[in-house]
Amino acid sequence: MGMFSRMSDIVQANLNAMLDKAEDPEKVIRLIIQEMEETLVELRSEAAKHIAEQKYLDRQLTQLDKHAQEWQAKAQLAMDKDKEELARAALVEKQGYVQKAVTLRSQYEQLSEVLGKIQDDTGRLNAKLAEAKQKQKSLAVRKQSAAVRLKAKNVEYSGKVESAMARFEQYEQRVDNLEAQVDAYDVVSGNAADSNSLATQFRELEHEDTIEQELAALKKNKAA
């Protein structure tokens, strides 16, 4: 009866709950399917044994009924011959076969009940097995889909990284250009300042010459 108890546990099990709690749902569903298939093999073996027992009981019951009928006929014959005691003895023999047949029929009915339960359980277990195999296929599809999506995400992430690096290089180039403009401005400003300073010196010299010339002219006029 341990097998029937295990089978009942399997049939009543909530596959979704078991898979939700599992760290490796694929492994769990594979083990569940293996357990169901092994239990089905045991159920078939148990059914075959009970069917064989029924066939044996059928043969036994046929023989018992035959013997009971024979003794019934003998009892009738004895009564026809006014052999009451002999008829009584024949009926006692007949009753022995009848009682044995009653016991065997009770066993036969018990076997029929067990076979009926095995048939029902086999049907339910087959339905549960079909459900488990469907979930196994679903898990395989989901796993493959997840792998494809992960690969796509990796490619997308890689593309985003490359794009970010390209933008960073652009920003870096812009900063380099700005710095170059500042440096160029400093160079141009420095040259212009030097040029202006030199021109100023020459103008000052020319101004001094003019003043000296005018001063010399004044002295000359005074002397005259």
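When we follow the working numbering, the leftmost residue of the sequence shown carries the number 136, and every step to the right adds one.
The C-beta atom is built at its ideal place from N, Cα and C for all residues, glycine as well.
- Assigned with DSSP and collapsed to three states, K354 falls in helix.
- Straight across, the Cα-Cα distance linking K355 with E339 is about 24 Å.
- Taking a contact to require three or more Cβ pairs closer than 8 Å, the segment 242-262 and the segment 211-229 do not qualify as touching.
- Excluding the 5 residues flanking it on each side, E205 has no same chain C-beta neighbour closer than 6 Å.
- Annotation: Y191 to V227 spans about 25 Å, alpha carbon to alpha carbon.
- The three-state secondary structure of D217, taken from DSSP, is coil.
- By the beta-carbon neighbour count (other beta carbons within 10 angstroms, threshold 16), A187 is exposed.
- Closest option to K162, judged by alpha-carbon separation, among L274, R309, Q245 and Q336: L274.
- Per DSSP, reduced to three states, the secondary structure at D159 is coil, with no helix or strand assignment.
- Inclusion of L199 and K235 in the CB contact set at 7 Å is warranted, their separation being smaller than that value.
- Around the CB of T174, 16 or more other CB atoms lie within 10 Å, so the residue is classed as buried.
- Distance from the CA atom of D193 to the CA atom of Y243, rounded to whole angstroms, is 8 Å.
- By the Cβ-count criterion, K263 is buried, with 16 or more other Cβ atoms from all chains shown falling within 10 Å of its own Cβ.
- Taking a 10 Å sphere around the C-beta of L178, we find 16 or more other C-beta atoms and assign the residue as buried.
- Using a 10 angstroms sphere on the CB of I167, the tally of other CB atoms reaches 16 or more, which defines it as buried.
- The C-alpha of Q230 lies about 23 Å from the C-alpha of Q189.
- Counting the other CB atoms within 10 Å of its CB gives A183 a total below 16, which places it among the exposed residues.
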